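S.K.: My questions all concern the structure below.
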Amino acid sequence: MLKIKNHKSACSRRLSAILFIFITFCMAGNTWAQNPLIMDQFTADPSARVFGDRVYVYPSHDIYCSENNGRKNWFCMPDYHVFSSEDLQEWTDHGVILSQEDVPWGDPGANSMWAPDAIERNGKYYFYFPTRTKGASSGESGFSIGVAIADNPEGPFEPEEEPIKGVQGIDPNVFIDKDGQAYIYWSRDKIFGAKLKDNMLELASEPEIFELPKKGHIEGPWVFERNGTYYLTYPHVANNIERLEYATGDNPLGPFEHQGVVMDESPNNTWTNHHSITKFRDQWILFYHDSELSPNFDKNRSIRADSLFFTEDGLIEKVIPTHRGVGITDSSNKIQFDRYSEISESGASIKFIDSTDTFKGWKIVLKKPESWVKYNNVAFSSAKPKTVKFKARSLQGGILHLKIAGNGQIISEVTVKKGADWNILTAPVQNEVSGVQDLVLKLQKGEKVEVDWVTFE
Numbered sequence: 001m002l003k004i005k006n007h008k009s010a011c012s013r014r015l016s017a018i019l020f021i022f023i024t025f026c027m028a029g030n031t032w033a034q035n036p037l038i039m040d041q042f043t044a045d046p047s048a049r050v051f052g053d054r055v056y057v058y059p060s061h062d063i064y065c066s067e068n069n070g071r072k073n074w075f076c077m078p079d080y081h082v083f084s085s086e087d088l089q090e091w092t093d094h095g096v097i098l099s100q101e102d103v104p105w106g107d108p109g110a111n112s113m114w115a116p117d118a119i120e121r122n123g124k125y126y127f128y129f130p131t132r133t134k135g136a137s138s139g140e141s142g143f144s145i146g147v148a149i150a151d152n153p154e155g156p157f158e159p160e161e162e163p164i165k166g167v168q169g170i171d172p173n174v175f176i177d178k179d180g181q182a183y184i185y186w187s188r189d190k191i192f193g194a195k196l197k198d199n200m201l202e203l204a205s206e207p208e209i210f211e212l213p214k215k216g217h218i219e220g221p222w223v224f225e226r227n228g229t230y231y232l233t234y235p236h237v238a239n240n241i242e243r244l245e246y247a248t249g250d251n252p253l254g255p256f257e258h259q260g261v262v263m264d265e266s267p268n269n270t271w272t273n274h275h276s277i278t279k280f281r282d283q284w285i286l287f288y289h290d291s292e293l294s295p296n297f298d299k300n301r302s303i304r305a306d307s308l309f310f311t312e313d314g315l316i317e318k319v320i321p322t323h324r325g326v327g328i329t330d331s332s333n334k335i336q337f338d339r340y341s342e343i344s345e346s347g348a349s350i351k352f353i354d355s356t357d358t359f360k361g362w363k364i365v366l367k368k369p370e371s372w373v374k375y376n377n378v379a380f381s382s383a384k385p386k387t388v389k390f391k392a393r394s395l396q397g398g399i400l401h402l403k404i405a406g407n408g409q410i411i412s413e414v415t416v417k418k419g420a421d422w423n424i425l426t427a428p429v430q431n432e433v434s435g436v437q438d439l440v441l442k443l444q445k446g447e448k449v450e451v452d453w454v455t456f457e
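In terms of full-length UniProt numbering, the sequence shown has 94 at position 94, counting the first letter as 1, and numbering is strictly consecutive.
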């Protein structure tokens, strides 16, 4: 089993991340993501898979139901979408790939299409999903796990007539080892695992129960292999809400030894977290969810992504959730400074643009002179930009400076006139900028200037 020896230095981690960002930007030629990844609907439980040169994310779909199955303000999940991207910025919603009404054995009114997974084998795509069976009582004991099959990762998926025999519970995860053997994992107050037959539809072994530290609820297994070590990762309510933990072993069915925490409890006090871990263009990424986009109701969640790193001896370094997310943003796209990398300790904050419609996103508020916000990894093409556009407003008025973080060089200055309305302001680029840069937006003069986005032309 793995034991902690030493950790990568912060400098080494930074260098690895920058190298990944630069290589991937050059390969993809596109812009990159900010958190949350999807801003027009609620998404949770992201199962991320790399098929070809694209990342496909199969999340569950949260909607609001005042009452669901007789329980007020509970999880309500009627169907599944799939999203894909070649650069983690431009996400394509392929629409609904499976609805509860499509499942022959499922309860069509249960709203219980919980955390799924998908995998490819022999040119077919297998989508694994839990839902409550017809006539079953509420609770995880009433759930079975089914399979839907497609010829393409975006569907259409055709569900099997019956669920997988011998499996009761939720949160399916499927893993295919290097020798071609497939495994399925699921949870029902404990975490289970078993071999799958080659048809990917039936168990090929009796289920194993994994012995893990358990003080509270445990669910959501996700298994992957790296350098001969098998990682079992899972959400666990060690205290009051879920955090992500992991264990390691030398066999896909264990035994597994608990190693530590992948991600601490949500800073937004979201009761659940559910995740996947995948490698995309030489960088490991943790996909997870939080309820930042729904601050008053944590059953409406949104998927996110942050880079994940390992120590030299193979342990997972704890992931700190960020607004910024992963990768590069092209300077010609809207740079959302509210998805900041760093922010001044006083005088700067983020707020929703419209608290009644959170899908409109956030704004950065710079309240007093010298307050600032930093946004890292902005790529400037060989065609040097001539102007900068700011969407901003201020009741008092003010002057904004846009700078390069490293040397403090001013890129542009813009005056925000007094007024309650949002305006698109254009200012010239004063000093040429190129390459990949970290940017700082600073309030030079004035009070309470609000900025939605900045872009270069």
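C-beta atoms are modelled at their ideal positions from N, C-alpha and C, and glycine is treated no differently. This one's a predicted model, so the numbers in the text were calculated from it and none came from an experiment.
Using three-state DSSP, classify Asp290 as helix, strand or coil.
M.R.: If DSSP states are grouped into helix, strand and coil, Asp290 belongs with the strands.
S.K.: Among residues of its own chain, excluding the 5 on either side of Pro252, which ones have a beta-carbon nearer than 8 Å to its beta-carbon?
M.R.: Phe175, Asp177, Gln181, Tyr183, Gly193, Val223, Glu225 and Tyr230
S.K.: Decide if Asn64 is buried, meaning its Cβ has at least 16 other Cβ atoms within 10 Å, or exposed.
M.R.: The amino acid occupying residue 64 in the given sequence is Tyr; Asn does not appear at that position. Exposed, since its Cβ has fewer than 16 Cβ neighbours within 10 Å.
S.K.: In terms of residues, what are the limits of the beta strand (DSSP E) holding Ser144?
M.R.: Phe143 to Ala150
S.K.: To the nearest angstrom, how far is the alpha carbon of Ile328 from that of Met77?
M.R.: Rounded to whole angstroms, Ile328 to Met77 spans 33 Å at the Cα level.
S.K.: Whole angstroms is fine: what's the gap from Ser331's alpha carbon to Phe380's?
M.R.: 6 Å
S.K.: Please go through the same chain and pick out, in chain order, the residues whose beta-carbon is closer than 6 Å to the beta-carbon of Val440, but skip the five residues on each side of it.
M.R.: Excluding residues within five positions, the ones whose Cβ falls inside 6 Å are Trp372, Lys374, Lys403 and Ala405.
S.K.: Can you name the start and end residues of the beta strand (DSSP E) that Trp422 belongs to?
M.R.: Gly419 to Pro428
S.K.: Can you give the Cα-Cα distance for Gly95 and Ala150, rounded to whole angstroms?
M.R.: Linking Gly95 to Ala150 through their CA atoms gives a straight-line distance of about 15 Å.
S.K.: Could you name the residues of the same chain whose beta carbon sits closer than 6 Å to that of Lys190, not counting the 5 residues immediately before and after it, in chain order?
M.R.: Ile209
S.K.: Assuming Pro36 is part of the beta strand (DSSP E), what are its boundary residues?
M.R.: No beta strand (DSSP E) holds Pro36; DSSP gives it neither H nor E.
S.K.: Once the 5 residues before and after Glu432 are set aside, which same chain residues still bring their CB inside 8 Å of it?
M.R.: Closer than 8 Å at the Cβ level, and outside the excluded window around Glu432, lie Lys384.
S.K.: Note down the Cα distance separating Ile21 from Ser85, rounded to an integer number of angstroms.
M.R.: With a pLDDT of 45 at Ile21, under the threshold of 50, the modelled position of this residue cannot be trusted; read the value that follows with caution. Cα to Cα, the separation comes out at about 15 Å.
S.K.: Which value, in whole angstroms, describes the spacing of the CA atoms of Ile277 and Gly347?
M.R.: 36 Å
S.K.: Return the first residue and the last residue of the beta strand (DSSP E) that Gly249 is part of.
M.R.: Arg243 to Gly249
S.K.: Suppose the cutoff is 8 Å on Cβ atoms and the five residues either side in sequence are ignored; what does the same chain contact list for Phe42 look like?
M.R.: His61, Asp62, Ile63, Leu293, Ser294, Asn300, Arg301 and Ser302
S.K.: Expressed to the nearest angstrom, what Euclidean distance is found between the alpha-carbon atoms of Glu219 and Tyr234?
M.R.: 6 Å
S.K.: Could you check which residue in Asn111, Asp102 and Glu211 has the C-alpha nearest to that of Arg71?
M.R.: Asn111
S.K.: Could you give the distance in angstroms between the alpha-carbon of Phe336 and the alpha-carbon of Ser394?
M.R.: A quick correction: the sequence has Gln, not Phe, at residue 336. Answer to the nearest angstrom: the Cα atoms are 18 Å apart.
S.K.: Measure the CB-CB distance between Gly452 and Lys363 and report whether it falls below 9 Å.
M.R.: According to the sequence as given, residue 452 is Asp; it is not Gly. Yes, the Cβ-Cβ distance between Asp452 and Lys363 is below 9 Å.
S.K.: For Ile23, collect the residues of the same chain with a Cβ closer than 6 Å to its Cβ; drop the 5 residues on either side in sequence, then sort them by chain order.
M.R.: Its pLDDT being 42, under 50, Ile23 is placed unreliably in this model, and the coordinates cannot settle the point.
S.K.: Which same chain residues, not among the five before or five after residue 469, have their C-beta less than 6 Å away from its C-beta?
M.R.: The first residue shown for the chain is 1 and the last is 457, placing residue 469 beyond what the model contains.
S.K.: Mapping the DSSP letters down to three states, classify Glu67 as helix, strand or coil.
M.R.: Glu67: strand per DSSP, three-state reduction.
S.K.: Mind checking which residues open and close the beta strand (DSSP E) that includes Tyr62?
M.R.: The amino acid occupying residue 62 in the given sequence is Asp; Tyr does not appear at that position. Looking at the DSSP string, the run of the beta strand (DSSP E) that includes Asp62 is Arg54 to Asp62.
S.K.: For Gln437, which of Gly109, Ser141, Asn273 and Val378 has the nearest alpha-carbon?
M.R.: Val378
S.K.: Determine, using beta carbons only, whether Glu225 comes closer than 9 Å to chain B.
M.R.: Among the chains of the structure shown, chain B does not appear; only one protein chain is present.
S.K.: How about Glu413: is its Cβ closer than 8 Å to a heavy atom in the ligand GTP?
M.R.: As far as ligands go, the structure on display features none, and thus does not contain the ligand GTP.
S.K.: Are the beta-carbon atoms of Glu202 and Pro153 separated by less than 9 Å?
M.R.: no
S.K.: Run through the DSSP bridge pairs and tell me what His236 is partnered with.
M.R.: Ile218 and Arg243
S.K.: Just list the residues that DSSP pairs Leu212 with in beta bridges.
M.R.: In DSSP, Leu212 forms no bridge with anything.
S.K.: Start and end of the beta strand (DSSP E) containing Ser331?
M.R.: Taken as a continuous stretch (DSSP letters only), Ser331 belongs to no beta strand (DSSP E), as it is neither H nor E.
S.K.: Taking the C-alpha atoms as reference points, what is the distance between residue 463 and Ser355?
M.R.: Examination of residue 463 is not possible in this model, given that the chain is present from 1 through 457 alone.
S.K.: I need the straight-line Cα distance from Gly52 to Arg281, nearest angstrom please.
M.R.: 11 Å
S.K.: Here's the rule I'm using: 16 or more other beta-carbon atoms within 10 Å means buried, otherwise exposed. How should Gln409 be labelled?
M.R.: Note on Gln409: under 16 other CB atoms within 10 angstroms of its CB, so exposed under the neighbour-count rule.
S.K.: Near Thr322, what residues of its chain come up, given a Cβ to Cβ distance below 8 Å and the 5 sequence neighbours on each side ignored?
M.R.: Asn35, Asp306 and Ser341
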